[in-house]
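Written as structure tokens, this is what we have:
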């Protein structure tokens, strides 16, 4: 299968980490969001939502939306589990995942920040303030939802919520956000970075040649 | 169980419809988002993310995030199914749900639009344009993802994606958006409105006395 994504995209990071944890090999097809490759006709035919990631299977089936992809991977390759079998435990993992994937990430998405520039003439500093604001709100909620006694967000192994968090904290550090108020989240982040499969999914290991040059 | 929500909230609409389709009785506890009730200490203790809906079970367990709640309801009360058992079919329903629940709704959320007013001095017309813009993008994607031969988005019975869509189209109509370019979505909307359990969940049937007065 082939993962279409952007090296710095936090949603792509989530799926790379899930594929690695499942031990699944995949081809990597970069989609340059800054150059608008997600709006090209060929990509739109594959994913009408014009976003990354998209996972294309050997038979041509296309899966989109990072959390839907991760849940599908988890159903087909249940070890290690990224979503608990118990419905209530699963609902907790999903709710924490959604604090990142719904309350933070979409509001800070590249296209949204671009629109702040285009429509409201937002400066770079205002764009940064915008992103930090939503991360502060979301991280405060997540900090309260993490089990303080666990290694990861809600247990002793990384799951969907951990992948959402480690990716969003990567973004937070990119914008030099103060993470001191979130000791639980920083603990989870460190635990994730210590997992080789997650470390191997980090954006820095998938930079485009242009970004490295 | 008790559903804490706001009458006009599309995420609350989704969960009301799911509860009705499952035939589950619940108490209704209004949370006045316009008055800031979601930021009151008692509510924050229940849901640190300070959003609606929240579903409180008889034993005090609190479930948050509308799609996590719906998936939990579906696991405990599988008939009628809102998410297919087959992993690939489920991934398609989730991906379409997320086009609404991640790509549209969070960017148009009350708190985001409030911030456009506060930080960028957005006028009412600019706020409306902002909301319409994200709905146009998301609806174009959703229109292409709906199965044209099906009654609902992806089959012959309403599922999670239909609940997300009918709620978002309610919001679109509130802002007098032109829905002519989306015949598939309008067909799904009409099919949903013809389902008594979904019709009974409509925001107009849950208005606060102040809103009615």
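Residue numbers (UniProt numbering), protein chains in the order written: chain A, 1 to 213; chain B, 1 to 213. Every residue, glycine too, gets a C-beta built ideally from N, C-alpha and C. Keep in mind it's a predicted model, so treat the numbers as computed, not measured.
{"query": "What in chain B is Cβ-close to residue 65(A), meaning under 9 Å?", "result": "91, 94, 95, 96, 97, 98, 99, 102 and 103"}
{"query": "For chain A, find out if any of its Cβ atoms is closer than 7 Å to the Cβ of residue 167(B); answer yes or no.", "result": "no"}
{"query": "Taking all protein chains shown into account, do 16 or more other C-beta atoms lie within 10 angstroms of the C-beta of residue 185(B), making it buried, or fewer, making it exposed?", "result": "buried"}
{"query": "Rounded to whole angstroms, what is the Cα-Cα separation between residue 204(A) and residue 120(B)?", "result": "34 Å"}
{"query": "Count the other CB atoms within 10 Å of the CB of residue 206(B); is the residue buried (16 or more) or exposed (fewer)?", "result": "buried"}
{"query": "Can you tell me whether DSSP reads residue 175(B) as helix, strand or coil?", "result": "coil"}
{"query": "So the alpha helix (DSSP H) residue 144(B) belongs to, where does it begin and stop?", "result": "124-145"}
{"query": "Under a Cβ-count criterion, where at least 16 other Cβ atoms within 10 Å of its own Cβ denotes burial, should residue 130(B) be classed as buried or exposed?", "result": "buried"}
{"query": "Using a 10 Å radius around the Cβ and a threshold of 16 neighbouring Cβ atoms, would you call residue 92(A) buried or exposed?", "result": "buried"}
{"query": "Considering only the alpha carbon of each residue, which of 202(B), 10(B), 97(B) and 52(B) lies closest to residue 145(B)?", "result": "97(B)"}
{"query": "List the residues of chain A that residue 144(B) touches, going by C-beta distances under 7 Å, in chain order.", "result": "48"}
{"query": "Just to confirm my understanding: we take residue 6(A), look at its own chain, exclude 5 residues before and 5 after, and list those with CB closer than 6 Å. What are they?", "result": "12, 31, 33 and 52"}
{"query": "So, do the segment 66-78 of chain B and the segment 132-151 of chain B have three or more beta carbon pairs nearer to each other than 8 Å?", "result": "no"}
{"query": "Count the other CB atoms, across all protein chains shown, that sit within 10 Å of the CB of residue 78(A); report buried if there are 16 or more and exposed otherwise.", "result": "exposed"}
{"query": "Can you give the Cα-Cα distance for residue 178(B) and residue 171(B), rounded to whole angstroms?", "result": "12 Å"}
{"query": "Here's the rule: buried if 16 or more other CB atoms are within 10 angstroms of the residue's CB, otherwise exposed. What is residue 103(A)?", "result": "buried"}
{"query": "Is residue 123(A) buried or exposed, if buried means 16 or more other CB atoms sit within 10 Å of its CB?", "result": "exposed"}
{"query": "Using a beta-carbon distance below 7 Å, is residue 78(A) in contact with chain B?", "result": "no"}
{"query": "Could you work out which residues of chain A lie near residue 112(B), taking near to mean beta carbons separated by less than 7 Å?", "result": "107"}
{"query": "Quick check: the Cα distance between residue 47(A) and residue 54(A), rounded to an integer number of angstroms?", "result": "7 Å"}
{"query": "Below 7 Å between beta carbons: does that hold for residue 87(B) and residue 72(A)?", "result": "yes"}
{"query": "Do residue 127(A) and residue 112(A) have their C-beta atoms closer together than 7 Å?", "result": "no"}
{"query": "Between which two residues does the alpha helix (DSSP H) carrying residue 87(A) extend?", "result": "87-98"}
{"query": "Just to confirm my understanding: we take residue 99(B), look at its own chain, exclude 5 residues before and 5 after, and list those with CB closer than 6 Å. What are they?", "result": "138, 141 and 142"}
{"query": "Name the two residues that bound the continuous alpha helix (DSSP H) containing residue 72(A).", "result": "66-76"}
{"query": "For residue 135(B), which of 150(B), 192(B) and 175(B) has the nearest alpha-carbon?", "result": "175(B)"}
{"query": "Tell me which residue opens and which closes the beta strand (DSSP E) that residue 34(A) is part of.", "result": "It is not in any beta strand (DSSP E) - residue 34(A) carries neither H nor E in the DSSP assignment."}
{"query": "Let me know the secondary structure DSSP gives residue 42(A) once reduced to three states.", "result": "helix"}
{"query": "Just to confirm, are residue 158(A) and residue 195(A) a CB contact at a threshold of 7 Å?", "result": "yes"}
{"query": "Taking 7 Å as the cut-off, decide whether the C-beta atoms of residue 150(B) and residue 20(B) are in contact.", "result": "no"}
{"query": "Are the C-beta atoms of residue 75(A) and some chain B residue less than 7 Å apart?", "result": "yes"}
{"query": "On the DSSP bridge list, what partners appear for residue 56(B)?", "result": "2(B) and 62(B)"}
{"query": "Check whether the Cβ atoms of residue 27(B) and residue 2(B) sit closer than 7 Å, and answer yes or no.", "result": "yes"}
{"query": "Would you report the Cα separation of residue 167(B) and residue 109(A), rounded to the nearest angstrom?", "result": "23 Å"}
{"query": "List the whole-angstrom C-beta distance separating residue 163(B) from residue 18(B), where the pair is believed to meet the contact cut-off of C-beta under 8 Å.", "result": "6 Å"}
{"query": "Check whether the Cβ of residue 75(A) sits closer than 6 Å to any heavy atom of the ligand FAD, and report yes or no.", "result": "Although the ligand FAD was asked about, the structure shown includes no ligands whatsoever."}
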